[in-house]
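Report on one structure; see the data block that follows.
Numbering (this note's numbering), first residue to last: -6 to 321.
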């Protein structure tokens, strides 16, 4: 009998030891402090959830903190939503804060949409804040020229409100600025003169606003306002002056071309004159040969030759007398 009691005692001690060890291991694995904090905050989390997150090396403290904040604010989400987003590389701090702001502002934002926007590298918190408080951006100075050639330098203020539904895949502020700049250039360029724009600058904002520039963007344009209009250069006069200068250069080039051609013709005529003189000298060298042949053939006598010499001398004398008379 005593043997049976001894064995039972040892069995009881062993069972008790196993239970103590199991409780110790469970307390080591399950963050009891965090579990109690969530329980007392009204955001109950099953212990097995905490144990699973611990085994998956998730940041239990961060997840539970954001879960408590969301539940306290009345946002509907689960602990699995936060853990899966954190494991996907998302920022659960911004997601939860954005959901709390959206819930308070009566903005329809679901946890799945918030997670998708955050994973798309868009600032979900800033987008929600822009829905609550629209943001105002100012364009850089936009240069546009009216039909009369006067340049106008315009600055535009654009009031934007984030569009949560278009935030994924929608283009950002840079595209809106480019579209507004294009619209300003079109409106000013179609004006007959710059005075019309200066008298009614609202014509710019009204015409640009009607162009539906927020299409396929992550924003809704609430208003477009002209911040400043300055007069720039007289582009028309400058273009006319440059055109006149170009015409003068073209005329000078053509005149130079004609002068060059005239010089070329002159040089050509001089070359032809020298050629004719050379031919004349060549012909004169043939005269003595012809006279000699005439003597040999008997076609020219001595007296005939002397008469020819006398005629030539008489001709030279008359030419010299006439030349001397002309000089006087």
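Ideal Cβ positions, reconstructed from N, Cα and C, are used throughout, including at glycine.
Inset, instruction - For residue 30, collect the residues of the same chain with a Cβ closer than 8 Å to its Cβ; drop the 5 residues on either side in sequence, then sort them by chain order. - result: 57, 61
Legend entry - Top-ranked residue by Cα proximity to residue 218, from 244, 186, 254, 177: 177
Inset, instruction - Please work out which residues of its chain come closer than 6 Å, Cβ to Cβ, to residue 228, disregarding the five sequence neighbours upstream and downstream, and give them in chain order. - result: 138, 142, 144
Inset, instruction - Could you have a look at residue 168 and say whether DSSP puts it in helix, strand or coil? - result: helix
Legend entry - Proximity to residue 108 [Cα-Cα], best of 89, 119, 122: 89
Inset, instruction - Please name the residue in 268, 239, 181, 49 whose C-alpha comes closest to that of residue 225. - result: 181
Legend entry - alpha helix (DSSP H) segment containing residue 45, residue limits: 40 to 48
Legend entry - Sub-9 Å separation of residue 115 and residue 153 beta-carbons: no
Inset, instruction - Using three-state DSSP, classify residue 18 as helix, strand or coil. - result: Residue placement at residue 18 is poorly supported in this model, since its pLDDT is 49, which falls under 50; the coordinates still yield a value, given next. Looking at residue 18 - three-state DSSP - the assignment turns out to be helix.
Inset, instruction - Would you kindly check if the distance between the Cβ of residue 284 and the Cβ of residue 298 is under 9 Å? - result: yes
Inset, instruction - Using three-state DSSP, classify residue 34 as helix, strand or coil. - result: coil
Inset, instruction - Measure how close the beta-carbons of residue 151 and residue 223 come, nearest whole angstrom, since I'm counting them as under 8 Å. - result: The pair is not a contact, with the Cβ atoms about 19 Å apart (cut-off 8 Å).
Inset, instruction - Give the straight-line distance between the Cα atoms of residue 51 and residue 102, rounded to the nearest whole angstrom. - result: 26 Å
Inset, instruction - Return the CA-CA distance between residue 256 and residue 270, expressed in angstroms with no decimal places. - result: 21 Å
Legend entry - residue 97, enclosing alpha helix (DSSP H) - first and last residue: 85 to 97
Inset, instruction - Tell me, please, which residues DSSP counts as bridged to residue 210. - result: 164
Legend entry - residue 212 beta carbon less than 9 Å from that of residue 165: yes
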